[in-house]
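Structure, as structure tokens:
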Amino acid sequence: MPRLHPAPSLVGRLIASLWLTCAAATVQAEPIADVHMLAQQEQQPLLDTLRDLVNIESGSKDIEGLNQIAERVAGQLKQLGGTVEILQPTDVYRLDDTPEKIGPAVHAVFKGTGTRKIMLIAHMDTVYLKGMLKDQPFRIDGDKAYGLGIADDKQGVALILHTVALLQKLGFRDYGTLTVLTNGDEEISSPGWRSTITRLAADQDAVFSFEGGGTDGTLRLATSGIGSAYLTVQGKSSHAGARPEGGVNALYELSHQVLQMKDLSKPERGLKLNWTVSQSGTNRNVIPANATAQADARALKVSDFDGLEKELQDKIKNRLLPDSKVDLKFEVRRPPLEANEASRRVAAHGKTIYQELGMALKVDEKATGGGTDAAFAALKTSGAVVEGMGLSGFGAHSNDAEYVQLGSIVPRLYLATRMIMDLSTGKLK
Ligand SMILES: [Zn+2]
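All letters in the sequence shown, in the order written, are residues 1 to 429 by the UniProt record's numbering.
As structure tokens, then:
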């Protein structure tokens with residue numbers, strides 16, 4: 001009697017379609033539940049790794065310590081099935097304070113069955129000197145884990161290792177390549193690994209950088225760039241009392257140069273140049289033959305540093321004392337990270353992932369504070385570059401009480417894993 005009583009069949013169809021919808025939803029939710037459960041199971045292994053990493057002192061100039069931590073990280077990545085190598089720097093961008101020897105980097109590639117290219121970066125070096133660990137050993141107290149360098153950036157290295165482990169436990173290989181790079185020179189502005197980071201990041205769909213997420217886990221899409229200018233003036237010494245006219249006063253020329261370069265800031269666009277250090281002369285009664293000065297520069301756009309350097313080079317052509325020699329060296333300690341469309345999309349997707357956990361994820365695209373390696377990763381890519389994927393914590397570069405929040409481990413493992421999965425399967429373009 002379908003003609004007379006169409007309602008039951010309609011209800012039946014509705015029920016059937018509802019059932020199908022639910023089934024589809026269940027099927028879809030299942031791996032997510034898996035990811036969450038595995039993330040919870042991964043917390044303790046992550047803490048074990050973190051303890052081991054904190055226990056290896058690895059200051060930027062402690063080559064022995066850096067080699068040791070690199071071995072440890074490489075070993076773990078090999079166990080996870082990656083093609084792993086420990087690299088030594090060959091292409092060094094020598095900065096004013098670059099040490100003779102620079103620590104290694106660990107590079108690992110996991111080949112998958114898909115097409116997307118994703119890279120995870122963190123740094124193994126710390127700002128601390130050897131011997132400081134004994135005053136700040138690894139320990140867990142309440143909802144925090146403490147230890148030297150734990151927030152900056154041992155947690156980042158541990159989080160990457162255990163995100164890869166989690167993907168492996170899920171049997172997930174839908175990415176094209178998953179690349180891991182951990183370097184040993186971030187705290188000295190990455191002189192040895194900046195070019196490698198830029199090169200490896202160039203053709204990635206997304207680069208996730210695992211610096212700490214601050215106290216509230218904010219993802220960062222922009223960071224300010226840091227540069228410095230070095231001015232060197234060569235004059236000629238002479239007796240200041242008996243024959244001053246025989247000299248070329250480098251201090252006078254330096255003063256002239258600094259004054260004509262004091263108003264190059266463009267505060268409205270975040271470009272700042274401030275002269276901060278100077279030195280000249282040896283004796284009161286000698287016309288100084290040499291003088292130097294240093295300036296601190298900040299920018300929000302890569303092109304602003306290029307423009308500033310050109311302006312500085314033009315300015316030094318105008319001299320007070322034609323017989324003096326003036327040189328200017330501009331170094332980009334770290335370029336700014338600029339937000340792009342791809343990074344905005346990926347970060348927005350991160351918000352929806354966090355919502356599944358009933359949590360809110362903050363995303364900041366206003367540059368605050370210093371730069372990170374994410375900026376080098378972004379130099380030649382049109383893909384997403386997201387900074388601050390690491391654990392919440394506090395106390396980076398402080399001499400006591402550096403910690404990470406235990407409660408952020410599961411959400412961050414879940415976030416990183418899901419981001420990689422959704423990028424790989426095309427759920428996130
Ligand atoms: Zn760091």
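Glycine is no exception: its CB is placed at the ideal position from the N, C-alpha and C atoms. Computed from a prediction, not measured in an experiment: that's the story for all the values here.
Original post:
Since THR182 contacts VAL157 with CB under 8 angstroms, what's their CB separation in whole angstroms?
Top reply: About 5 angstroms separates the two Cβ atoms, so the contact holds.
Original post:
Does the segment 100 to 109 come close enough to the segment 192 to 206 that 3 or more CB-CB pairs lie under 8 angstroms?
Top reply: yes
**OP:** Measure the C-alpha to C-alpha separation of ASN340 and LEU120 and round it to an integer number of angstroms.
**Re:** 18 angstroms
**OP:** Measure the C-alpha to C-alpha separation of ARG333 and GLN41 and round it to an integer number of angstroms.
**Re:** 40 angstroms
Subject >> Spatial neighbours of LYS236 in its chain, beta-carbon cut-off 6 angstroms, leaving aside the 5 residues before and after >> reply: GLY247, VAL248, ALA289
Original post:
Nearest to VAL54 by CA position, among ALA377, MET124, SER392, is which residue?
Top reply: When C-alpha distances from VAL54 are compared across ALA377, MET124, SER392, the shortest belongs to MET124.
**OP:** For ASP125, verify whether its CB is less than 6 angstroms away from any heavy atom of ligand 1.
**Re:** no
**OP:** Output yes or no for whether 7 angstroms exceeds the beta carbon distance between PHE210 and LEU259.
**Re:** no
**OP:** Starting from the C-beta of GLU57, find all residues in its chain whose C-beta is less than 6 angstroms away, skip the five residues before and the five after it, and write them out in chain order.
**Re:** GLY65, LYS130, LEU133
**OP:** Taking only heavy atoms of ligand 1 into account, decide whether any of them is closer than 6 angstroms to the Cβ of ASP373.
**Re:** Checking the Cβ of ASP373 against ligand 1 gives no.
Original post:
Measuring from the CB of GLU211, is there a heavy atom of ligand 1 at a distance below 6 angstroms?
Top reply: For ligand 1, at least one heavy atom lies less than 6 angstroms from the Cβ of GLU211.
**OP:** Measure the alpha-carbon distance for THR276 versus VAL404 and round it to whole angstroms.
**Re:** 35 angstroms
Original post:
Between the C-alpha atoms of ALA347 and HIS256, what's the straight-line distance to the nearest angstrom?
Top reply: 48 angstroms
Original post:
Does the beta carbon of ASP185 fall short of 6 angstroms from some heavy atom of ligand 1?
Top reply: Proximity of the beta carbon of ASP185 to ligand 1 is not indicated: no heavy atom of the ligand is located closer than 6 angstroms.
**OP:** Reducing DSSP to helix, strand and coil, say where ASN283 ends up.
**Re:** coil
Original post:
By how many angstroms is the C-alpha of LYS144 removed from the C-alpha of residue 430?
Top reply: A query on residue 430 cannot be resolved here, the shown segment of the chain reaching from 1 to 429 and no further.
Original post:
Alpha carbon to alpha carbon, how far is TYR414 from GLY390?
Top reply: 12 angstroms
Original post:
If we count the other Cβ atoms within 10 Å of its Cβ and call it buried at 16 or more, is VAL27 buried or exposed?
Top reply: Confidence at VAL27 is low in this model, with a pLDDT of 40, below 50, so the placement of that residue is unreliable and no value is reported for it.
Subject >> Candidates ASP52, LYS111, THR90, GLU365: closest to ARG173 by CA position >> reply: LYS111
Original post:
Helix or strand or just coil, what does DSSP make of ALA360?
Top reply: coil
Original post:
What residue ranges within the segment 322 to 375 form continuous beta strand (DSSP E) runs of no fewer than 3 residues, ordered along the chain?
Top reply: 325 to 334
**OP:** Could you pull out every residue in the same chain whose Cβ sits closer than 8 angstroms to the Cβ of GLU387, ignoring the five residues on either side in sequence?
**Re:** SER209, GLU211, LEU219, ARG220, LEU221, THR223, LEU337, THR372, ALA374
Subject >> Where the alpha helix (DSSP H) containing LEU178 begins and where it ends >> reply: Looking at the DSSP string, LEU178 is not in any alpha helix (DSSP H); the run it does join, the beta strand (DSSP E), is 177 to 183.
**OP:** Could you work out which residue in ARG412, GLY393, ASP327, LEU428 is closest to GLY214 when comparing CA atoms only?
**Re:** GLY393
Original post:
Can you tell me where the alpha helix (DSSP H) with GLN260 in it begins and where it stops?
Top reply: 250 to 260
Subject >> Closest residue to ILE188 among LYS61, ARG345, SER408, GLN313 (Cα-Cα distance) >> reply: When only C-alpha atoms are compared, the closest one is LYS61.
Original post:
Regarding ASP152 and ligand 1, is the C-beta to nearest heavy atom distance less than 6 angstroms?
Top reply: yes
Original post:
If you drop the 5 nearest sequence neighbours on each side, which residues of the same chain put their C-beta closer than 7 angstroms to that of ALA24?
Top reply: Because ALA24 sits at a pLDDT of 44, beneath the cut-off of 50, its placement in the model cannot be relied upon, and the following sentence gives the value as read from the coordinates. Correct list: empty, nothing qualifies.
**OP:** Quick one: measure Cβ to Cβ for MET419 and ILE316, integer angstroms, because I've assumed they're closer than 8 angstroms.
**Re:** About 47 angstroms; that fails the 8 angstroms criterion.
Original post:
When the Cα of LYS362 is compared with those of ILE150, LEU46, ASP216, THR83, which residue comes out closest?
Top reply: ASP216
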